[in-house]
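The numbers in the numbering used here rise by one with no breaks, and the one at position 275 of the sequence shown is 270.
Beta carbons are placed, not taken as given, at the ideal position from N, Cα and C, and that holds for glycine.
Have a look at the structure below before the remarks.
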Amino acid sequence: MPAETKRTHPGPMSGDGRSPLPLPANRPANRPYRGGSGIARFRGIDLPDDRRPEDFLASTTEVFAGGGVGLTVLPDGRTLRAAVEEDPATWLGPAHVQRFGTDTKLLVKLLSTDERLFVHYHPDARFAERHLGRDTGKTEAWIVLDTVGDGYALIGFTDDVTASRVESWVARQDRDEMLAAMRKVPLRPGDTLLVPAGTPHAIGPGVTLVELQEPTDLSLLLEYESFGLTVDEAFLGLPPATALAGLDRGALDDTRLAGLRNAPGGGSGAAEELLTRGAAPFFRALRRRVDGTGHIDPGFGVLVVEEGEGWLEAHGQRLPLTTGACVLLPYGAGPITLGGQLSAIHCAPPAPDAPH
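Structure (structure tokens):
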């Protein structure tokens, strides 16, 4: 994999599961919407074209079309997926393996929209198993890094919607009616939002965020014609009625929204919980602020430096960090020390004792 990162992070880090590993950009091409400029700014890299809106970090997940696209490749040429399967305890930790096996239970992405994302939803595990032959659904969460202009998301419906009404919108590709029925939520840097599987959503233009998700690439699109896609591509080969059966058509009222959303000022300290309690069965996210030194306990995860500069040290090896740096943290690295003045998002899989 060619390293696209211009802000270099030297150090004797390897891909053996015992050292933190800097993550070069891993941006699948030819995605169905325009984006990527925010990732280029954040990471200090070039934007080859406007069809690379996502950066897959520490990924054992390939895109739905397959072919290995999206998988993280280690310095020795192996994919992270293969390395974890060969030595899961070193990469993930014994307690994780006992509960979840060799599944990392996590995909982290950077995502940047240069146009409004299409209205879509992600199926849950039951739907994915029954209709798509997959054992993982896709609940996700967003942590907003930056917005250009007035950032927003469309999420859920303002009122309960019947199945026939949704089917009519989709058949006619009536984007105006579809969008008018959805709830608009402002997004600002620091905001977080949990998006449960089944929830219809779209992200407005000019938003750059860190996305945590269950490790799969399953999206079912209600809006596709204006993005140059066919109904077969939009529904992953499923009949429309089947594809729409997993959609949550209930109203997203203020109480439900409050259970999904955090905002700046929701906490403080060296390790701030960023997501609402509903995220616990799926993933965890902490903001780690360092002014001097701080510590991270052993565990698989991804560190994304929001701002500042400093360093990370494990087993006597030190890795410089600057804004935009992304680092894979394997369990085998042991306790990690952070130093300098920085703020970083620490993404991790669910705890081994997390509820189902």
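Check your understanding: Measuring CB to CB, does A197 end up less than 8 angstroms from L239?
Key -> Stepping through the sequence shown from its first residue, residue 197 is reached at position 202. Stepping through the sequence shown from its first residue, residue 239 is reached at position 244. Not in contact: A197 and L239 (Cβ atoms no closer than 8 angstroms).
Point to revise | Whole-number beta carbon distance between L323 and L18, since they are thought to touch under 8 angstroms | key: Residue mapping note: residue 18 aligns to position 23 of the sequence shown, counting from 1. Residue mapping note: residue 323 aligns to position 328 of the sequence shown, counting from 1. About 6 angstroms; that satisfies the 8 angstroms criterion.
Review point. Using CA coordinates, which residue listed in L16, D11, G12 is at the minimum distance from L307?
Key: Residue 307 sits at position 312 when you count from the first residue of the sequence shown. Residue L16 is the option with its Cα nearest to L307.
Exercise for review: Determine the burial state of R167: buried for a count of at least 16 other Cβ atoms within 10 Å of its Cβ, exposed for fewer.
Suggested key: The residue you call residue 167 lines up with position 172 of the sequence shown. Looking at its Cβ environment, which holds fewer than 16 other Cβ atoms inside 10 Å, R167 is exposed.
Check your understanding: Under the DSSP definition of a beta bridge, which residues are partnered with F51?
Key -> Reading the sequence shown from its first residue, position 56 is the one you call residue 51. Partner(s): K104.
Review point. Taking the runs of the beta strand (DSSP E) that are 3 residues or longer, which of them lie wholly in the stretch 118 to 191?
Key: 135 to 142, 147 to 152, 177 to 181, 187 to 190
Check your understanding: Since R29 contacts D45 with CB under 8 angstroms, what's their CB separation in whole angstroms?
Key -> On the sequence shown, residue 29 is found 34 positions in, with the first residue counted as 1. On the sequence shown, residue 45 is found 50 positions in, with the first residue counted as 1. At roughly 4 angstroms, the Cβ-Cβ gap stays under 8 angstroms, so R29 and D45 are in contact.
Check your understanding: Rounded to a whole number of angstroms, what is the C-alpha to C-alpha distance between G177 and D249?
Key -> Working through the sequence shown from its first residue, we reach residue 177 at position 182. Working through the sequence shown from its first residue, we reach residue 249 at position 254. For clarity, residue 177 is Met in the given sequence; the question names Gly instead. Using only the alpha carbons, I get a separation of about 13 angstroms.
Practice item. Whole angstroms is fine: what's the gap from C321's alpha carbon to G39's? Key: For the purposes of this step, residue 321 is taken as residue 326 along the sequence shown, with counting starting at 1. For the purposes of this step, residue 39 is taken as residue 44 along the sequence shown, with counting starting at 1. Straight-line Cα distance between these residues: approximately 12 angstroms.
Check your understanding: Which residues in the same chain as S14 place their Cβ atom closer than 7 angstroms to its Cβ, once the five residues preceding and following it in sequence are excluded?
Key -> On the sequence shown, position 19 is the one that residue 14 refers to. Same-chain partners within the cutoff: M8, A309, H310, Q312, A328.
Exercise for review: Say whether the stretch 118 to 128 touches the stretch 154 to 170, bearing in mind that this needs 3 or more beta-carbon pairs closer than 8 angstroms, one atom from each stretch.
Suggested key: no
Point to revise | N- and C-terminal bounds of the alpha helix (DSSP H) containing H91 | key: The count along the sequence shown starts at 1 and reaches residue 91 at position 96. That run of the alpha helix (DSSP H) goes 89 to 95.
Exercise for review: List the endpoints of the continuous beta strand (DSSP E) containing T250.
Suggested key: Within the sequence shown, residue 250 is the residue found at index 255, counting from 1. T250 -> not in any beta strand (DSSP E); alpha helix (DSSP H) instead, spanning 249 to 253.
Review point. Ordered along the chain, which non-local residues of its own chain (more than five positions away) have a Cβ less than 8 angstroms from that of H290?
Key: Here residue 290 refers to the residue found at position 295 when the sequence shown is read from its first residue. Excluding sequence neighbours, H290 sits near P330, I331, T332, L333.
Check your understanding: If you draw a straight line from the alpha carbon of P276 to that of L42, how long is it in whole angstroms?
Key -> The residue given as residue 276 occupies position 281 in the sequence shown. The residue given as residue 42 occupies position 47 in the sequence shown. Roughly 35 angstroms between the two C-alpha positions.
**Study point:** First through last residue of the beta strand (DSSP E) which encompasses E308
**Key:** Counted from its first residue, the sequence shown places residue 308 at position 313. Element bounds for E308: 296 to 309.
Review point. Any heavy atom of the ligand FMN closer than 7 angstroms to the CB of R121?
Key: Looking for the ligand FMN in the displayed structure turns up nothing, as the structure carries no ligands at all.
Review point. Would DSSP call S221 helix, strand or coil?
Key: Numbered from 1 along the sequence shown, position 226 holds the residue referred to as residue 221. Three-state result, S221: helix.
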